[in-house]
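Visitor:
Residue numbers (the numbering used here): 2 to 541.
1. Say whether the segment 392 to 403 touches the segment 356 to 369, bearing in mind that this needs 3 or more beta-carbon pairs closer than 8 Å, one atom from each stretch.
2. Look up residue 467 in the DSSP assignment and give the residues it is bridged to.
3. Who are the near neighbours of residue 535 in its chain, counting only those whose CB is closer than 7 Å to its CB and skipping five residues on each side?
4. Just tell me which of 109, 496, 216 and 338 has its CA closest to the CA of residue 94.
5. Taking the C-alpha atoms as reference points, what is the distance between residue 502 and residue 474?
6. For the alpha helix (DSSP H) containing residue 251, name the first residue and the last one.
7. Would you mind reading off the limits of the alpha helix (DSSP H) that contains residue 402?
8. Skipping 5 residues on each side, what residues in its chain have a beta carbon closer than 6 Å to that of residue 184?
9. Could you check which residue in 532, 517 and 509 has the C-alpha nearest to that of residue 1?
10. Ignore the nearest five residues each way along the sequence and tell me which others in residue 2's own chain have a CB closer than 6 Å to its CB.
11. To the nearest angstrom, how far is the alpha carbon of residue 207 from that of residue 279?
12. When the Cα atoms are used, what is the spatial distance from residue 218 to residue 286?
13. In this structure, how does DSSP classify residue 452 when only helix, strand and coil are distinguished?
14. Is it buried or exposed for residue 10, if we count other Cβ within 10 angstroms and need 16 for buried?
15. Look at the Cβ atom of residue 270, then the Cβ atom of residue 189, and state whether they are nearer than 7 Å.
16. Closer than 6 Å by C-beta to residue 404: which residues in its own chain qualify, once you throw out the five before and the five after it? Chain order, please.
17. For residue 21 and residue 15, what's the separation of their Cα atoms in angstroms?
18. Got a sec? Which residues, its chain only, sit under 7 Å from residue 64 by beta carbon, not counting five neighbours each side?
19. Tell me whether residue 152 is buried or exposed, calling it buried when 16 or more other Cβ atoms sit within 10 Å of its Cβ.
20. For residue 51, which of helix, strand or coil comes out of DSSP?
21. Should residue 48 go down as buried or exposed, given a rule of 16 or more other Cβ atoms within 10 Å for buried?
22. Do residue 495 and residue 442 come within 7 Å of each other at the CB atom, strictly closer than that value?
23. Per the contact definition of three or more C-beta pairs closer than 8 Å, is the segment 45 to 59 in contact with the segment 232 to 249?
24. With H, G and I counted as helix, E and B as strand and the rest as coil, what does DSSP make of residue 502?
25. Check the C-beta distance from residue 428 over to residue 390 and give it rounded, since I have them as a contact under 8 Å.
26. With hydrogens ignored, establish whether the beta-carbon of residue 452 is closer than 6 Å to any heavy atom of the ligand HEM.
27. According to DSSP, is residue 365 part of a helix, a strand, or is it coil?
28. Check this for me: beta carbons of residue 415 and residue 436, under 7 Å apart or not?
29. Hey, could you find the ends of the alpha helix (DSSP H) residue 218 is sitting in?
30. Does DSSP put residue 322 in a helix, in a strand, or in coil?
31. Just verifying my parser: in three-state terms, what is the DSSP assignment at residue 129?
32. Just the C-alpha distance for residue 76 and residue 209, rounded to the nearest angstrom, thanks.
33. Indicate the three-state DSSP secondary structure (helix, strand or coil) for residue 272 in the structure shown.
34. Compare the beta carbon distance of residue 201 and residue 135 with 7 Å and say whether it is the shorter of the two.
35. Assuming contact is defined by CB atoms lying nearer than 7 Å, are residue 334 and residue 246 in contact in what I supplied?
36. Count the other CB atoms, across all protein chains shown, that sit within 10 Å of the CB of residue 186; report buried if there are 16 or more and exposed otherwise.
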């Protein structure tokens, strides 16, 4: 009996030792090409009767430990002509073995990403070997969001992980091979397969990890930079900078292609931004995107509906959610307002409504942020008085820079209950940004149009005016007085309120004339008094 193929090192130590030496040499020094290396390996296989499959395993091991020479190893694997299934099974076996350990080495993720990016293995063939499966990961994330929505106790426990996940890179679970693999795909610039995985997972479930969203923001900023410079209104001296390449070009299978037109931005960048969503946490990229959308709409002679829809989608799905999670920064709110103000009030209010009712329910981080801001708002309202209004007005302004829709909704709710807040709150709003002032008008309109309870409707007309003596309900009167004071004191466009009163009159509902009366009275400076003294009559 004579063995024809050797697949153990001890069976043919000389041949395997020579193969390992050839595969692990410093290619930068030796200048060896993939074709020359292929010829040497084929000679070793033939002379020492080495099992070709074991030789393939050695090539994979060497590739994993020398990813910086990926071009040579990829070319070598092309020359070896192994089918994709065989190669995928070798990689999959390695991943399955590491599932029993606490950590899978980063080099294996980079290796798998290189093979997928260079079409040496199919993504669909590799995914079943990774832990967790796509369906398991999606179910786990969906359950996490539902738990955060329905249980405060569950929210508190989940947010410890969620906050750490977004702020501390070491908290990314070491046994989550799927997320680490996606991170590896992003790190080598393989955006095509990254988008494919994103499309098969819940929105924002992977980009919530700082390791992934940090890389994505750098890549997007690098790709859109020429387009931003061409459409920027800044002086040329401020556009002389050059961005550093965000990735290690030695391991990238292909270079990142910059864009120069809106069509390219729409097809290549918008899908990435929509998956990035609330986790666009790079302030510089946030400002660039906001200014870019603003300038594109301004420069378009006849802004098409398609262009406006694209910009509104970015505002709704990326800019507003990201603003909620970013650190407090008044400049970001101002930049975003310069874009939002280009749209009529009905479109703006639609954005605010979805921001309030839908966006804050999408991820555990946003759910936690909403609860945190609401709790802080109530704490401030419990302490604010005429004496300390300056101190607390600054705190209110800081909170409204990023989450105006939450704190202002709490304030309007408190105003409807307690009339002694009106003067204090009117003074406390003086430091608000233009975006926050627009949200003030929206929250007032939202309160006016919110259906009242059955008991209130039975006692009052539309819940606003008493059926007995036509006196305004307490909540309605407080809201009208606050509106009149705020509209007089601050630069707020309250056209929407006037249109609301007009529409109510068309429906033959006259209760809101009381609101119009309060506004006219305050803004004209004429006080209407129902009881006049003799001295007042004589003075008149």
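We put the beta carbon where it would ideally sit given N, CA and C, even for glycine.
Guide: For this structure:
1. These segments do not touch.
2. DSSP output for residue 467 lists 461 as bridge partner(s).
3. Counting only residues of its own chain and dropping the five nearest sequence neighbours on each side, residue 535 has no CB closer than 7 Å to any other CB.
4. For the options 109, 496, 216 and 338, the alpha carbon positioned closest to that of residue 94 is the one of 109.
5. If you take the alpha carbons of residue 502 and residue 474, they lie about 17 Å apart.
6. DSSP places residue 251 in no alpha helix (DSSP H); its state is neither H nor E.
7. Where residue 402 is concerned, the enclosing alpha helix (DSSP H) stretches over 390 to 403.
8. Its chain contains 212 and 213 as the residues whose beta carbon lies nearer than 6 Å to that of residue 184, once the 5 sequence neighbours on both sides are disregarded; these appear in chain order.
9. Absent from the model: residue 1. The displayed extent of the chain is 2 to 541, so no value can be given.
10. For residue 2, the predicted model reports a pLDDT of 36, less than 50, meaning its position is unreliable; a value from the coordinates is still stated below. For residue 2, same chain residues with a beta-carbon under 6 Å away, outside a window of 5 residues either side, do not exist.
11. Straight-line Cα distance between these residues: approximately 12 Å.
12. Distance between the alpha carbons of residue 218 and residue 286 is about 7 Å.
13. Note: residue 452 maps to coil in three-state DSSP.
14. With fewer than 16 other Cβ atoms within 10 Å, it is exposed.
15. Cβ distance not < 7 Å, so residue 270 and residue 189 don't count as in contact.
16. The beta carbon of residue 404 sits closer than 6 Å to those of 325 and 374, all from its chain and outside the five residues before and after it, given in chain order.
17. Computed Cα separation, rounded: 10 Å.
18. So the qualifying residues of the chain are 74 and 112.
19. Around the beta carbon of residue 152, fewer than 16 other beta carbons sit within 10 angstroms, so the residue counts as exposed.
20. Correct three-state label for residue 51: strand.
21. Around the Cβ of residue 48, a 10 Å sphere holds fewer than 16 other Cβ atoms; the residue is exposed.
22. Yes, they are a contact pair.
23. Note that the segment 232 to 249 does not touch the segment 45 to 59; fewer than 3 beta-carbon pairs, one per stretch, sit closer than 8 Å.
24. Three-state result, residue 502: helix.
25. Residue 428 to residue 390, Cβ: 5 Å. Contact.
26. The ligand HEM is not among the ligands present in this structure, which contains no ligands whatsoever.
27. In the structure shown, residue 365 sits in a helix (DSSP, three-state: H, G or I).
28. Their beta carbons are not under 7 Å apart, which means residue 415 does not touch residue 436 by this criterion.
29. Judged by DSSP secondary structure, residue 218 falls within the alpha helix (DSSP H) whose first and last residues are 211 to 232.
30. Residue state, collapsed to three classes: helix.
31. In the three-state scheme derived from DSSP, where H, G and I count as helix and E and B as strand, residue 129 is classed as helix.
32. Rounded to the nearest angstrom, the two C-alpha atoms are 35 Å apart.
33. Correct three-state label for residue 272: helix.
34. The Cβ-Cβ distance between residue 201 and residue 135 falls below 7 Å.
35. Against a cut-off of 7 Å, the Cβ pair of residue 246 and residue 334 comes out as no contact.
36. Under this definition residue 186 is a buried residue.
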